[in-house]
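Residue numbers (the numbering used here): 1 to 328. Glycine included, C-beta positions come from ideal geometry on N, C-alpha and C.
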C-alpha cells in the first residue's frame, strides 16, 4: 500500500481467539517509522516492535523495515473494526484498515494469478466446451460466469441449482463424450476424490488433444465435509498425477496463502511450529499431450462404503431455484 510516499504491507494478519498477530514492513526514504500500534475498540493490551530485519525490504541506513504487533482484545471478535496506525519520525500519522492490508495481500495470491492465467488461455478459443468437475454452487458461487461465451457443463456428485450432470468424477467419461472438452476445471474438488489418479485418467479421456486442465485444491486446511475429505497436496505433488503416463504435461504450478500449523497440545518438538507454514491453496495448469498410458479400473463402490455428505443439499438447491425465479 502506498500513502503519501510511504510504502507498507502486511505479511501476516492472524487472529487466534482474542489475540491478534500482525507483521509486515514500512518504508519511507526521508521519514522513517518511529512507532506502530493497533487502533480500534476492545484492545486490552498490545506490544509492538519496529526496526526488524525483513527479507524483502532493506533501509538505506542498514536498519530493518520490519514491524511486529500483538494485541489482546476483550472479546473474540472479527478484526474488521481494527486499523494499524504508523507514526513517522516527523510526527506524521498514517492509518490503514487492517482488513484492507490483508485483502491487498490476498489479491496477490500466486494461486489466484494461476487461475486467471487459465481463464486467459481459453479466451482465444471460440465457444470452448468447459467441464467443471465438482462445480456445484454450494457457496453461492458459480464459475460459469468466469467463462462467458463458453459451453459450460457442471458435473457434480450431488444435485445443485447450477449442476448440469449428476455423476461421479471417477466415471467422468461415462457422461462426457471422449475428446469433447477444450478444458476441464476443478476448484476445491480434488481433496474430496478418493482416487484422484483415476479421475485424472478420466479427465484425459474427455479432453481434446491439447486441451487444458486447471486444478485448485488445498495443501493445508482443516478437515471438512467428512467423511469425504481425503487428500492434501503440495505444489511438488502434481508430478505424481500429471505426467507422460497419465497423458499430461505441467505448464505452471503454484501454492499460496500461508497457514499456521500449531498443535492443540504444546510439546518441545513443536516449539517453533509458528515459524513454519503450510499453504491454503495449491494449483496447477496442465495440457493433454496424448492418451493416458495407464488405467485404474477400480469401481469406487468396491473400495468405500460411505458417500459424500448430503445434509441440506436439496434444501439449498430449492432455495437457490426459488431465489432465481423471484429475480426473473
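{"Check": "Shortest alpha-carbon distance to residue 239 belongs to which of 249, 230, 187, 232?", "Outcome": "249"}
{"Check": "Just to confirm before moving on: does the CB-CB distance between residue 158 and residue 308 stay below 8 Å?", "Outcome": "yes"}
{"Check": "Should the stretch 281-289 be regarded as contacting the stretch 203-216, the criterion being three or more beta carbon pairs within less than 8 Å?", "Outcome": "yes"}
{"Check": "Quick test of your reading: residue 124 and residue 156, contact by CB under 8 Å. State the CB separation rounded to the nearest angstrom.", "Outcome": "Wrong, their Cβ atoms sit about 28 Å apart, outside the cutoff."}
{"Check": "Pick from 42, 40, 41, 63: whose alpha carbon is nearest that of residue 49?", "Outcome": "63"}
{"Check": "Is it true that the CB of residue 13 sits closer than 8 Å to the CB of residue 102?", "Outcome": "yes"}
{"Check": "Using DSSP with H/G/I as helix, E/B as strand and the rest coil, what is residue 115?", "Outcome": "helix"}
{"Check": "Taking its Cβ as the centre, do 16 or more other Cβ atoms sit within 10 Å of residue 266, making it buried, or is it exposed?", "Outcome": "exposed"}
{"Check": "Taking three-plus beta-carbon pairs below 8 Å as touching, is the stretch 109-119 in contact with the stretch 53-60?", "Outcome": "no"}
{"Check": "Would you identify the three-state DSSP class for residue 199, choosing helix, strand or coil?", "Outcome": "helix"}
{"Check": "Is it right to say residue 255 is buried, meaning 16 or more other beta carbons lie within 10 angstroms of its own, or is it exposed?", "Outcome": "buried"}
{"Check": "Could you please give the first and the last residue of the uninterrupted beta strand (DSSP E) stretch that includes residue 290?", "Outcome": "Segment: none, residue 290 is in no beta strand (DSSP E) and carries neither H nor E."}
{"Check": "DSSP has residue 132 in a bridge; who is on the other side?", "Outcome": "154, 185"}
{"Check": "Specify the secondary structure class of residue 9 as computed by DSSP and reduced to three states.", "Outcome": "strand"}
{"Check": "Should residue 128 go down as buried or exposed, given a rule of 16 or more other Cβ atoms within 10 Å for buried?", "Outcome": "buried"}
{"Check": "Rounded to whole angstroms, what is the Cα-Cα separation between residue 203 and residue 67?", "Outcome": "47 Å"}
{"Check": "Short of 7 Å in beta carbon distance, which residues of its chain neighbour residue 146, apart from the five on each side in sequence? Order them along the chain.", "Outcome": "119"}
{"Check": "By the DSSP assignment, the alpha helix (DSSP H) with residue 100 in it spans what residues?", "Outcome": "98-106"}
{"Check": "Tell me which same chain residues have a C-beta within less than 7 Å of the C-beta of residue 178, skipping the five on either side of it?", "Outcome": "205, 206"}
{"Check": "Considering just the uninterrupted stretch of the beta strand (DSSP E) at residue 212, what are its terminal residues?", "Outcome": "207-217"}
{"Check": "What's the C-alpha gap between residue 241 and residue 5?", "Outcome": "47 Å"}
{"Check": "Could you give the distance in angstroms between the alpha-carbon of residue 81 and the alpha-carbon of residue 52?", "Outcome": "26 Å"}
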